[in-house]
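Using this note's numbering, count along the sequence shown one by one with no gaps and you end on 207.
We put the beta carbon where it would ideally sit given N, CA and C, even for glycine.
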Amino acid sequence: INAEYGDPIFMSLRYIARLRYGFIQSSREGLFKHRAGQDLRKKNNLGRSGNEDGILHDLPDWHFANGVAAPETEKQVWWKNKREKERERMERLTKEMVELHEKMENKDRAAEKKRMDELSYKLSKDLK
């Protein structure tokens, strides 16, 4: 097909390709709307690209010849702060859950003790 940009045939082929295969217009963003496996990772509450988290993520990319590590980039500092906030939030939520669990156990124990006292009172009253 000899179609040039602006021809109705070219525009319709481009439209069909966008609908059928997920092509997008901007070459800066690439050919496809989503990267391979992106939807699956998002569905499983993982990072968008698969390399956003992990044991090697926080290590410096390079070091000086004398062995001194490279200075942290803004992105590394941002990730470190984000993880620290998440860790603090998880610790706070865990502490709240433990406190609520203990509170409910104490409440249950108090209710059980009250019920047993009432039953023993009724039994002692019936025996007399």
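In the DSSP secondary-structure assignment, Ala148 is bridged to His142. The Cβ atoms of His136 and Trp158 lie closer than 9 Å to each other. Membership of Arg188 in the alpha helix (DSSP H) is indicated by the continuous run Glu153 to Leu206. Assigned with DSSP and collapsed to three states, Leu119 falls in helix. CA-CA distance, Leu198 to Glu170, rounds to 42 Å.
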